[in-house]
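*Asks:*
Numbering (my numbering), first residue to last: 32 to 261.
1) Roughly how many angstroms lie between the CA atoms of residue 108 and residue 172, to the nearest whole one?
2) Using only the alpha-carbon positions, how far apart do residue 227 and residue 192 sit?
3) Which partner residues does residue 214 have in the DSSP bridge list?
4) I need the DSSP call for residue 44, collapsed to helix, strand or coil.
5) What does DSSP give as the partner residue(s) for residue 119 in the beta ladder?
6) On the premise that residue 229 lies in contact with residue 141, defined as a C-beta separation below 8 Å, what is that separation, rounded to the nearest angstrom?
7) Are residue 238 and residue 149 touching if we call contact CB-CB under 8 Å?
8) Quick one: measure Cβ to Cβ for residue 221 and residue 194, integer angstroms, because I've assumed they're closer than 8 Å.
9) Reducing DSSP to helix, strand and coil, say where residue 149 ends up.
10) Within 10 angstroms of the Cβ of residue 49, are there 16 or more other Cβ atoms? Answer buried if so, exposed if not.
11) Quick one: residues in its chain with C-beta nearer than 6 Å to the C-beta of residue 157, no 5 flanking neighbours on either side, listed in chain order?
12) Would you be able to state if there are at least three C-beta pairs under 8 Å between the segment 110-125 and the segment 203-213?
13) Please confirm whether residue 161 and residue 116 have their CB atoms less than 8 Å apart.
14) Roughly how many angstroms lie between the CA atoms of residue 91 and residue 105, to the nearest whole one?
15) Please determine, among 136, 83 and 39, the residue with the shortest C-alpha to C-alpha distance to residue 58.
16) Between the C-alpha atoms of residue 165 and residue 112, what's the straight-line distance to the nearest angstrom?
17) Using a Cβ-Cβ cut-off of 7 Å (strictly less than) and excluding sequence neighbours within five positions of residue 54, which residues of its own chain qualify?
18) Just grab the DSSP bridge partners of residue 225 for me.
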């Protein structure tokens with residue numbers, strides 16, 4: 032093995048030279064030939080470093096690309112998922128709304144009874160009498176039967192009570208000056224004259240006269256709402 036100065040390239044012979052080059056005077060480190068075991072160790076270390084670098088690069092490439100979130104497929108999948116969740120929530124809300132509540136039907140019945148009582152009071156103010164019991168009954172509040180003085184409708188439509196029974200209505204001493212009205216709901220047992228019958232507030236029949244200010248015929252008062260004529 033011959034030695035050469037790495038700076039001036041001088042040939043130093045086969046004998047290991049001193050640390051200083053005799054030609055240029057610079058200090059040098061002569062190369063030392065590694066033994067086979069050392070070469071294998073270095074090669075194994077280099078291979079290990081190369082494998083770790085490749086594994087790291089593969090991990091980086093496998094990370095999701097943010098741009099893929101804006102692709103049509105991803106957006107469609109997100110919209111479809113939101114629609115499914117919305118449908119599920121709406122279905123749950125509807126099921127809860129349909130669950131029986133012992134208080135809500137009573138409140139609704141009382142509210143509608145008070146509305147009917149107010150409508151009857153306004154009908155009486157215009158007509159000078161209560162609707163005939165046997166002729167049209169409560170339908171006179173929503174339908175135009177060409178009766179003189181009728182300025183309804185006083186309600187948009189006549190509904191049944193929460194237990195799918197018609198509201199009970201009759202006039203006591205009909206045709207006399209002391210005629211009175213009986214209006215009630217049969218209640219949950221759907222049987223008139225029992226303890227669970229519901230009645231409106233008597234004050235609802237006393238409508239007074241303040242509401243008459245600006246009152247005009249229904250065709251001008253509520254345009255777009257059909258008035259049934261029979």
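We put the CB at the ideal spot given by N, CA and C, even for glycine.
*Replies:* Working from what's here:
1) Working through the chain shown from its first residue, we reach residue 108 at position 77. Working through the chain shown from its first residue, we reach residue 172 at position 141. Residue 172 has its alpha-carbon roughly 54 Å from the corresponding atom of residue 108.
2) Mapped onto the chain shown, residue 227 falls at position 196. Mapped onto the chain shown, residue 192 falls at position 161. Looking at the two C-alpha atoms, the distance is approximately 13 Å.
3) Counting from one through the chain shown, the residue named residue 214 turns up at place 183. Answer by DSSP bridge pairing, in chain order: 200.
4) Residue mapping note: residue 44 aligns to position 13 of the chain shown, counting from 1. In the structure shown, residue 44 sits in a strand (DSSP, three-state: E or B).
5) Sequence index remark: in the chain shown, residue 119 carries index 88 (1-based). According to DSSP, residue 119 bridges with nothing at all.
6) Counting from 1 along the chain shown, the entry for residue 141 is found at position 110. Counting from 1 along the chain shown, the entry for residue 229 is found at position 198. With 8 Å as the limit, residue 141 and residue 229 qualify as a contact, their Cβ atoms being about 6 Å apart.
7) Within the chain shown, numbered from 1, the residue matching residue 238 stands at position 207. Within the chain shown, numbered from 1, the residue matching residue 149 stands at position 118. Against a cut-off of 8 Å, the Cβ pair of residue 149 and residue 238 comes out as a contact.
8) Here the question's residue 221 lines up with position 190 in the chain shown. Here the question's residue 194 lines up with position 163 in the chain shown. With 8 Å as the limit, residue 221 and residue 194 qualify as a contact, their Cβ atoms being about 6 Å apart.
9) Translated into positions along the chain shown, residue 149 becomes position 118. Look at residue 149 here: in three-state DSSP terms it is helix.
10) Along the chain shown, one-based indexing puts residue 49 at 18. Residue burial is scored here from C-beta neighbours: residue 49 has fewer than 16 other C-beta atoms within 10 angstroms and is therefore classed as exposed.
11) As a first step, residue 157 is located in the chain shown; it is residue number 126 there, counting from the start. Result list for residue 157: 180 and 182, in chain order.
12) Short answer: they don't touch.
13) Sequence index remark: in the chain shown, residue 161 carries index 130 (1-based). Sequence index remark: in the chain shown, residue 116 carries index 85 (1-based). Against a cut-off of 8 Å, the Cβ pair of residue 116 and residue 161 comes out as no contact.
14) The residue you call residue 91 lines up with position 60 of the chain shown. The residue you call residue 105 lines up with position 74 of the chain shown. If you take the alpha carbons of residue 91 and residue 105, they lie about 22 Å apart.
15) Residue numbering aside, residue 58 sits at position 27 when the chain shown is read from its first letter. Each of 136, 83 and 39 was checked against the Cα of residue 58, and the nearest Cα belongs to 39.
16) Stepping through the chain shown from its first residue, residue 165 is reached at position 134. Stepping through the chain shown from its first residue, residue 112 is reached at position 81. Distance between the alpha carbons of residue 165 and residue 112 is about 58 Å.
17) Reading the chain shown from its first residue, position 23 is the one you call residue 54. Here the set comprises 36, 39 and 41.
18) As a position in the chain shown, residue 225 is number 194, starting the count at 1. Residue 225 pairs with nothing; no bridge assigned.
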